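Protein chains in written order, with my numbering: chain A, 437 to 769; chain B, 94 to 465.
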C-alpha cells in the first residue's frame, strides 16, 4: 500500500565523546499516505529527536530512513523540500513579511534564483491559504499574528511545498483548546482528502486518541509502541507509558485521572444531565459515589430551576448550585 | 467525516464544486515601487549638487561643461570637479550603497535589528588592520611601499579585509551563545579596544604619518582619489552582485534557520556568501574612507520603513539606492560652504543615525525589554 516513509531498524540519539546516548532503538515502521499519525510521549522521551531524524535534520545512530525508497540522507536538500515539509514549535518572527509572502516561501524549492513566483505558484499559495482557512490573514504581517494564526500560516506554508509527507513538531503547544481541536481536524482532513502522510508530535493525549489513525507512543525507556489508538489502550501500553508520570489512565472514560484518594462518600439520586454533571463534580472533589451510605444527595429539576437536596441523619439542606452543594458536603465532615 | 465537517467553522474547500474565490492581496511594497525612480532622480540631483556646491560655487552649466570636457569649461572649475569633487561624490555613492547593503546582510544573518558593520565591530577590525599595515610600512620603510603604489593601495585594503574578517568570524562564533544586545555591546567594546590598540600603535609611528592616520580615522569620503577606484569599485561590485544574488535565501532566513533548511536552503553556503559579501563591501570602504558610522545600521531601517516590507528582493536594491542617497546628502552637508570647517561626516551621521537607533530600540518589544 501507499507506503512513503520507511524506517528500518532505526536507532536515534546523540553521539557524544563518551559514547552514544541512545534515545530510542530498533524502530522499524512504515508511514502511509492518507494516514494521520500522532507521536505521543512524556517530555524528554525524545520526540523531537525522532522527528529530527525522520526529517533528515539529524543523523540516526544506526539504521536508515527511506523516503520513496531512497535513503533520506542521500536526497538533495532542495528535492527533499518538495517531498517532505516541516512545521515546528518555534515562533517565527519574519520581520515585515506578510502572511502571503511567508506562504509563498513554501514555493522556495520550486522557484529560480530570484525567487520570482509564477502564476502556478500563486495558485498553489492561494489554495494553501484557503485550505487552512486563513484568507483574512493573507495581507497581514506575520509578526502581528497571534500564535494560533501564525501556526495556521506555517501549515499553509508547508502545504504550499506540495509534499506528500508533512511532519509537525508540537505545533499545538501554544494554542488554546478550540485552536488545538481545529488544528487536529485540519490535519485529519488533509490526510484523508489530500492523501497526505502526516506525522505530528503532540502533548494532547485525548485529542490524539480521538483523531489519529495510528499512535506512536514513545515512553522514557525508548521502546516505541505503535498501533491504532484503541489497540494501545486495550493492551495497556497507553496507561503504562504515562504511569511513571504519576497520572492514571481511566480505560472506561478514555481519559487521564488523578490518583488522589477519595475523601468522602455520598449516595446520589436523580436523572439526566443534572445527575451526570453532579457525578463529575463529585469525582473532581474526590467524593466517592456509592450505592448506599448515610449522606445522600438528590438532584431535581423543577420549573424554577435545579436543586440539590442534601440529607443525612442530622443534616437536611437544599442548595441551588453545585458549588454550594460541594461546600455543604465539605462542611458536613 | 460528515460529523467532522459540520464541526468546522469554515469547511475545507479542497474538493468542493465551487472554485475558491482568488484571494486579493494588496502588499504595500508593490504599491510603493514608484519610490525607486524617485530615489534615482534624487541621486542624480545630489550628484549635481555635490559637484556644484562648495567653497567655490559652480553653476549647472559649469558642472556639465566640466564633466563633458566642453571648450567653454573653466579650467579651474574642471580641476576642482574632476580631481576633488568627482572622486568624493563617487566614493560617497559607493560607500553608502556598500555600507547599507552590508548592514542589511548583517541584520538578517544575525537576526539582530541593530547589527551593522560598525555596531558589530567590523569597522574597528578594518581600522586596526589598516593601522597595522600603515605602521609596518613605516617600520619596514615606507619607500618600499611607495615604490609600488598599487601595492600599498592593495596592502591597506587587504589589512582592512583581514581585520574585518577576523572580527566577523569572532562575532559569528559567539553569536549563538549570547543575546542580541550582549552581542552589540561586545561589538562596541571591540571597537573601543581596537581604538585603544590603534592609539598605542600610532605611538610608535612617526608624527607625520600619525597625523595622516588621525585624519583618516575621522571618516570622510574626501580622502578617496581616482587611483583608489581600481581596487574599490571591483570589490564593491562583486560584493553588491553577490549580495543581490542571495536575496531569495535571505528571505527564507527570516523564518529562522530551521525553517530555511527545511525549505531546501543551504545554510552554510548562504552564510559564507552573504557574510563574505558583507566583508567585501564594508572593508574596502573603511580602508579608504575611514570609519563611517551609523550608515550601515540605519539605511536598512529607512528602506524597510519606506517600502514597508522585509522582502530582500526589494530591500537590497532599496538599500543600495538609499545608501547612495543618504551618504551623498551627508557628504554634501559636510561640504556646504561653511565659514569654518569643523563639521565631520560622522557628526552628521550621528545626527541622523542616533535617533533612528533609539527609535528602533523603543519600538521593538524584544529590544526594549532586553529579553529574547
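Heads up, the beta-carbon is just placed ideally off N, CA and C, and yes, glycines get one too. Bear in mind the structure is a predicted one, so any value in this text is a computation, not a measurement.
Cutoff 7 Å: residue i Cβ touching any chain B Cβ
i, result
"residue 564 of chain A", "no"
"residue 584 of chain A", "no"
"residue 544 of chain A", "yes"
"residue 513 of chain A", "yes"
"residue 595 of chain A", "no"
"residue 571 of chain A", "yes"
"residue 501 of chain A", "no"
"residue 439 of chain A", "no"
"residue 601 of chain A", "no"
"residue 541 of chain A", "yes"
"residue 754 of chain A", "no"
"residue 717 of chain A", "no"
"residue 664 of chain A", "no"
"residue 467 of chain A", "no"
Nearest-angstrom Cα separation, counted from residue j out to residue i
i, j, result
"residue 745 of chain A", "residue 697 of chain A", "25 Å"
"residue 473 of chain B", "residue 152 of chain B", "Because residue 473 of chain B is not part of the residues shown, which for chain B are 94 to 465, the question remains open."
"residue 255 of chain B", "residue 443 of chain B", "27 Å"
"residue 452 of chain B", "residue 584 of chain A", "29 Å"
"residue 407 of chain B", "residue 678 of chain A", "52 Å"
"residue 359 of chain B", "residue 194 of chain B", "21 Å"
"residue 702 of chain A", "residue 734 of chain A", "10 Å"
"residue 295 of chain B", "residue 145 of chain B", "37 Å"
"residue 132 of chain B", "residue 418 of chain B", "7 Å"
"residue 272 of chain B", "residue 618 of chain A", "35 Å"
"residue 399 of chain B", "residue 547 of chain A", "27 Å"
"residue 507 of chain A", "residue 224 of chain B", "53 Å"
"residue 177 of chain B", "residue 344 of chain B", "40 Å"
"residue 602 of chain A", "residue 625 of chain A", "13 Å"
"residue 305 of chain B", "residue 576 of chain A", "53 Å"
"residue 106 of chain B", "residue 648 of chain A", "Any reading at residue 106 of chain B must be qualified, since the residue scores a pLDDT of 47, below 50, and its modelled position is unreliable; the value itself is stated next. Distance between the alpha carbons of residue 106 of chain B and residue 648 of chain A: 22 Å."
"residue 729 of chain A", "residue 655 of chain A", "41 Å"
"residue 162 of chain B", "residue 148 of chain B", "22 Å"
"residue 739 of chain A", "residue 768 of chain A", "29 Å"
"residue 622 of chain A", "residue 591 of chain A", "10 Å"
CB contact below 7 Å: residue i versus chain A
i, result
"residue 299 of chain B", "no"
"residue 356 of chain B", "yes"
"residue 115 of chain B", "yes"
"residue 341 of chain B", "yes"
"residue 118 of chain B", "yes"
"residue 124 of chain B", "no"
"residue 335 of chain B", "no"
"residue 351 of chain B", "yes"
"residue 403 of chain B", "yes"
"residue 397 of chain B", "yes"
"residue 328 of chain B", "no"
"residue 212 of chain B", "no"
"residue 348 of chain B", "yes"
Spatially closest choice to residue i from the options, by CA coordinates
i, options, result
"residue 469 of chain A", "A:504, A:482, A:496", "A:504"
"residue 141 of chain B", "B:122, B:182, B:298, B:115", "B:182"
"residue 376 of chain B", "B:210, B:299, B:361", "B:210"
"residue 421 of chain B", "B:189, B:391, B:115", "B:189"
"residue 545 of chain A", "B:357, B:337, B:161", "B:357"
"residue 640 of chain A", "A:610, A:543, A:562, A:627", "A:610"
"residue 463 of chain A", "A:456, A:479, A:449", "A:449"
"residue 542 of chain A", "A:755, A:627, A:517", "A:517"
"residue 63 of chain B", "B:157, B:208, B:263", "Because chain B here runs from 94 to 465, residue 63 of chain B falls outside it and cannot be looked at."
"residue 439 of chain B", "B:270, B:433, B:403, B:382", "B:382"
"residue 143 of chain B", "B:330, B:328, B:315", "B:315"
"residue 599 of chain A", "A:572, A:622, A:630, A:621", "A:630"
"residue 763 of chain A", "A:739, A:729, A:722, A:726", "A:722"
"residue 362 of chain B", "B:348, B:341, B:380, B:374", "B:341"
"residue 367 of chain B", "B:338, B:387, B:395", "B:338"
"residue 588 of chain A", "A:559, A:554, A:536", "A:536"
Cβ-heavy atom distance, residue i to the ligand GDP, below 6 Å
i, result
"residue 553 of chain A", "With respect to the ligand GDP, the structure shown offers nothing to examine, as it has no ligands at all."
Same chain, Cβ closer than 6 Å to residue i, five either side skipped, listed in chain order
i, result
"residue 717 of chain A", "758"
"residue 442 of chain A", "466, 502"
"residue 121 of chain B", "401"
"residue 594 of chain A", "521, 523, 602"
Sequence-distant residues of the same chain with beta carbon closer than 8 Å to residue i, five excluded per side
i, result
"residue 288 of chain B", "217, 220"
Other residues of its chain near residue i: CB distance less than 7 Å, five sequence neighbours each side excluded
i, result
"residue 693 of chain A", "684, 686"
"residue 318 of chain B", "180"
"residue 101 of chain B", "Because the pLDDT at residue 101 of chain B is just 43, under 50, the model does not fix this residue reliably, and the point stays unresolved."
"residue 529 of chain A", "579"
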